[in-house]
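If you read the sequence shown in my numbering, its first letter stands for residue 32, the second for the next number, and so on. A virtual CB, placed ideally from N, CA and C, is assigned to each residue, including glycine. Quick caveat, the model's predicted, so the values are computed rather than measured. Below: one structure, written as structure tokens.
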Amino acid sequence: MTRETSVSAAAKPDDDEYLLLRGGRLFDGTGDDLVTDGAVLVEGQRIAAAGPEGDLDVPDDATVVDVGDRTLMPGIVDAHTHLTIFNSRVRGRFRLSDPKNSLPYNTIRAMESVASYIDKGVTTQREVGGRDFISASVRDAIEEGRIPGPRLLPSGPILTPTAGLDDKRPYFVEGNLANGWEVNGRQEVVKAVREQKKAGVSTIKVDASGAWTAFSDSKTPTMSEEEMAAAVEEAHKFGLRVAAHAQATEGIKNAARAGVDTIEHATYLDEEGLELILDNDIIVVPTLIPFEEFLDAGEGVEMNESQRQALKDDRAAQRESFVMAHENGVQLAVGSDAIPPMVPHGDTHREIRHFHRLGFSKSDALVAATKSSAEAVGLGDEIGTLEPDKSADIIAVEGNPLDDLDVLADSSNPTVVVKEGAVVKDERPA
Ligand SMILES: [Zn+2]
Numbered sequence: 032m033t034r035e036t037s038v039s040a041a042a043k044p045d046d047d048e049y050l051l052l053r054g055g056r057l058f059d060g061t062g063d064d065l066v067t068d069g070a071v072l073v074e075g076q077r078i079a080a081a082g083p084e085g086d087l088d089v090p091d092d093a094t095v096v097d098v099g100d101r102t103l104m105p106g107i108v109d110a111h112t113h114l115t116i117f118n119s120r121v122r123g124r125f126r127l128s129d130p131k132n133s134l135p136y137n138t139i140r141a142m143e144s145v146a147s148y149i150d151k152g153v154t155t156q157r158e159v160g161g162r163d164f165i166s167a168s169v170r171d172a173i174e175e176g177r178i179p180g181p182r183l184l185p186s187g188p189i190l191t192p193t194a195g196l197d198d199k200r201p202y203f204v205e206g207n208l209a210n211g212w213e214v215n216g217r218q219e220v221v222k223a224v225r226e227q228k229k230a231g232v233s234t235i236k237v238d239a240s241g242a243w244t245a246f247s248d249s250k251t252p253t254m255s256e257e258e259m260a261a262a263v264e265e266a267h268k269f270g271l272r273v274a275a276h277a278q279a280t281e282g283i284k285n286a287a288r289a290g291v292d293t294i295e296h297a298t299y300l301d302e303e304g305l306e307l308i309l310d311n312d313i314i315v316v317p318t319l320i321p322f323e324e325f326l327d328a329g330e331g332v333e334m335n336e337s338q339r340q341a342l343k344d345d346r347a348a349q350r351e352s353f354v355m356a357h358e359n360g361v362q363l364a365v366g367s368d369a370i371p372p373m374v375p376h377g378d379t380h381r382e383i384r385h386f387h388r389l390g391f392s393k394s395d396a397l398v399a400a401t402k403s404s405a406e407a408v409g410l411g412d413e414i415g416t417l418e419p420d421k422s423a424d425i426i427a428v429e430g431n432p433l434d435d436l437d438v439l440a441d442s443s444n445p446t447v448v449v450k451e452g453a454v455v456k457d458e459r460p461a
């Protein structure tokens, strides 16, 4: 699961430091074609210019990183991750007796997770549900330069109604378990959002429907429109964004009417739901990986026959809804929903390939994983493309992903990772 890596927690560069990344090809993420002899000039933490090297005005004292015959592209943005959900959470129910449910163990796993993301070229990740407020602390440690990791947008436990997806609590037990935070009614929702604000999250996750792992299934709407609207109103007051797990047809509509910022999955989407998503400018993060890969994953997933059938039904519906949303102009963003050991953290390239397999051109799939994902996490002006004044989040990959998306999966890629102007990984051969 882990691999050798040389990724570091490099200090942020000063404003007057220049860095020139000189490459064979440049894909700036705006959807345009490749630039040959491309380069990116970085001033401090920001992009000063990107384009053919001959067009750039490079100061004499710039540090030059020649990436040779590689492709420069924006860092990948993963809009749907969980730092502290791994195998034991995916088995039908949370196991009270498992000592690995401890917060210290989960914290160590979360630190390992963020290192995997940045190592594999994900320079920004949004968390949409985890244990306690581990990810907020991990974010702080990354920002202080103590540990390597991407720009992290943390969440807390997922707001779930009783018997909702992230309620893992048997009725005879009290308190919240795993990554859920039980709320019922407007008042409890508002209080939970305020508590999570205090703890330093940037995203509120709500359960608009169940799933095959839960007390309520993927066709059952759970949190009401009124409850989600309360979450949105309170979260937006604080500048937080709201993501809704919505698989059920009515759950999707409830979430869209409530005005959430992103809908995760949108599995059983119908015409009315589609219209509501378009009318409310909601970005959908489908997360194809769990649907496409968990059925055959073996280790880590325990499911009985009826759960297996439910997941097969979900997979068929997810594919249809994805195509329907894409063909009708819904903005789709890449989120991996990676849960080890089935899918290792940072393997966001697998989601990019699923987008392509279900109808996205290669360049559109890359744009979905950079520009669209940046917009999904609310940072469209800051990251996602290689344009002047944006944060210098850049990766260099061996080969040309516009020819062959599989190069992103090579263990040697990306060779170079730059985050906020700092070279945090450089594995060019000496
Ligand atoms: Zn998820």
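Specify, as a first and last residue, the run of the beta strand (DSSP E) that residue i falls within.
| i | result |
| --- | --- |
| Gly211 | Gly211 to Glu213 |
| Gln156 | Val153 to Glu158 |
| Asp345 | From DSSP, Asp345 is part of no beta strand (DSSP E) but of the alpha helix (DSSP H) over Glu336 to Glu358. |
| Met254 | Note, Met254: premise wrong, no beta strand (DSSP E); not H, not E. |
| Pro181 | From DSSP, Pro181 is part of no beta strand (DSSP E); its letter is neither H nor E. |
| Gly430 | Segment: none, Gly430 is in no beta strand (DSSP E) and carries neither H nor E. |
| Ala70 | Gly69 to Glu74 |
| Lys456 | Ala453 to Asp457 |
| Pro105 | Thr94 to Pro105 |
| His276 | Arg272 to Ala277 |
| Ile370 | Careful: Ile370 lies outside any beta strand (DSSP E) and carries neither H nor E. |
| Asp238 | Thr234 to Asp238 |
Please list, in chain order, all residues of the same chain as residue i whose beta carbon is under 6 Å from its beta carbon, the five residues on each side excluded.
| i | result |
| --- | --- |
| Gly123 | Caution applies to Gly123, whose pLDDT of 48 falls short of 50 and renders its modelled position unreliable; the value that the coordinates give is listed next. Hits under 6 Å: none found. |
| Arg459 | Thr446 |
| Asp424 | Gly106, Thr154, Ile414 and Lys450 |
| Val408 | Ala110, Arg157 and Leu184 |
| Val237 | Leu190, Met254, Met259, Ala262 and Ala275 |
| Leu410 | none |
Please determine, among the options, the residue with the shortest C-alpha to C-alpha distance to residue i.
| i | options | result |
| --- | --- | --- |
| Leu307 | Ala266, Asp345 and Val361 | Val361 |
| Arg56 | Leu50, Leu439, Met104 and Gln227 | Met104 |
| Asp292 | Glu281, Val315, Asp301 and Lys284 | Val315 |
| Thr112 | Ile320, Glu351 and Gly62 | Ile320 |
| Met254 | Ile189, Asp59 and Asp345 | Ile189 |
| Pro372 | Val66, Leu389, Phe117 and Ser404 | Phe117 |
| Gly161 | Leu305, Gly411, Thr138 and Ala461 | Thr138 |
| Asp435 | Ala407, Leu397 and Leu417 | Leu397 |
| Asp327 | Gly69, Leu342 and Ser337 | Leu342 |
| Phe386 | Glu143, Pro317 and Tyr136 | Pro317 |
| Glu257 | Asp248, Leu410 and Ala289 | Ala289 |
| Asp64 | Leu52, Ala141 and Pro83 | Pro83 |
| Asp100 | Val273, Leu114 and Asp68 | Asp68 |
| Thr102 | Gly241, Gly430, Glu295 and Asn444 | Gly430 |
| Ile235 | Asp248, Val220 and Leu417 | Val220 |
| Val232 | Pro201, Val273, Gln340 and Val214 | Val273 |
| Lys229 | Ser247, Ser168 and Arg177 | Ser168 |
| Ala469 | Ala42, Phe58 and Ala277 | Past the edges of the chain, shown from 32 to 461, lies residue 469, and the structure says nothing about it. |
| Phe269 | Ser133, Pro90, Ala141 and Glu226 | Glu226 |
Going by the C-beta, is residue i closer than 7 Å to any heavy atom of ligand 1?
| i | result |
| --- | --- |
| Gly241 | no |
In chain order, what residues of the same chain lie with their CB nearer than 7 Å to the CB of residue i, ignoring the 5 residues before and after it?
| i | result |
| --- | --- |
| Ser422 | Gln76, Arg77, Glu413, Ile414 and Glu451 |
| Leu439 | His380, Ile383, Val428 and Pro432 |
| Lys250 | Ala279 and Tyr299 |
| Ser394 | Gly62 and Leu433 |
| Glu281 | Pro252 |
| Asn311 | Ala287 and Gly290 |
| Gly211 | Pro188, Ile189, Thr191, Asp197, Asp198 and Lys199 |
| Gly390 | Val354 and His357 |
Looking at the unbroken alpha helix (DSSP H) that takes in residue i, where does it start and where does it end?
| i | result |
| --- | --- |
| Thr280 | Thr280 to Ala289 |
| Thr61 | Counting along the chain, Thr61 falls outside any alpha helix (DSSP H), and DSSP gives it neither H nor E. |
| Thr138 | Leu134 to Asp150 |
| Lys131 | No alpha helix (DSSP H) contains Lys131, which DSSP labels as neither H nor E. |
| Lys393 | Lys393 to Val398 |
| Ala405 | Ser404 to Ala407 |
By Cβ distance, which residues of its chain are closer than 8 Å to residue i, with the 5 residues on each side in sequence left out?
| i | result |
| --- | --- |
| Ala80 | Val71, Leu72, Asp86, Leu87, Asp88 and Pro419 |
| Leu305 | Met355, Ala356, Asn359 and Val361 |
| Val38 | Ala146, Ile149, Asp150, Pro179, Val448, Val455 and Lys456 |
| Ser403 | Ile314, Gln362, Leu363, Ala364, Val365 and Gly415 |
Check: In chain order, what residues place their C-beta within less than 7 Å of a heavy atom belonging to ligand 1?
Finding: Residue list for ligand 1: His111, His113, Val159, Gly160, His276, Glu295, Thr318 and Asp368 (CB closer than 7 Å to any heavy atom, chain order).
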